[in-house]
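Numbered by numbering that gives the first Met the number 0, the letters in the sequence shown go through residues 0 to 143 in order.
Even for Gly, the Cβ is constructed at its ideal location relative to N, Cα and C.
Nothing here was measured: the structure is a model prediction, and the numbers come from that model.
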Amino acid sequence: MAVKHRLSVYLDVEMMARLEKLATKERAAKSAIAEAAIISFLTSDDTDRWEATVTRRLDRLARSVDRMERDLEFSVEALALYIRAWLTATPPLPDGAQAAAQAKGRERYESFVEALGRRLAKGQRLSREISEDVSTPPGEVSEE
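Set out below in structure tokens:
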């Protein structure tokens, strides 16, 4: 591991807010972002600057893919658990009840699609709600 030296830098309020916003968005340390910016500034060679830019973008894409992979794994597991529970708990219907059950199923599906459309339009995400539910200790109410 390379030895690093400490550097104190004074930034105006707006620049600090931008740095903090970027660090949060990129899930990166502010010092790492500042170091990349300094390297970019000090590098006179366009090839090195391009490489630093591409590396930052690749890092960002890798983190994004990791998050998507985690979310997809969560979704697949939740769906599989639901299907298993549904198949286990749902008895077969008698032949005379099939048509009514299919009609009711279509009605419920249309309601589901409408509700899904409303949630997506509002930007609501179940994964966010679940992570909030999981992080809230039992017996407490999430503040939202």
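Judged by DSSP in its simplified three-state form, V8 adopts coil rather than helix or strand. Under the DSSP assignment, D65 falls in the alpha helix (DSSP H) whose first and last residues are D45 to A88. Membership of R117 in the alpha helix (DSSP H) is indicated by the continuous run Q97 to K121.
Pairwise C-beta distances place the region 82 to 96 out of contact with the region 48 to 58, as fewer than three of them are shorter than 8 angstroms. Taking the Cβ atoms as the reference, I38 lies roughly 17 angstroms from A22, outside the contact range of under 8 angstroms. Ranking H4, S74 and E34 by CA distance to the CA of L18 puts E34 first. Between E25 and R66, the gap from beta carbon to beta carbon reaches 8 angstroms or more. Rounded to whole angstroms, V12 and L78 show a C-alpha spacing of 46 angstroms.
Where K29 is concerned, the enclosing alpha helix (DSSP H) starts and stops at K29 to L41. In this structure, DSSP gives R26 a state outside helix and strand, which the three-state scheme calls coil. Apart from the 5 residues on each side of it in sequence, Y81 has no Cβ closer than 6 angstroms to any other Cβ in its chain.
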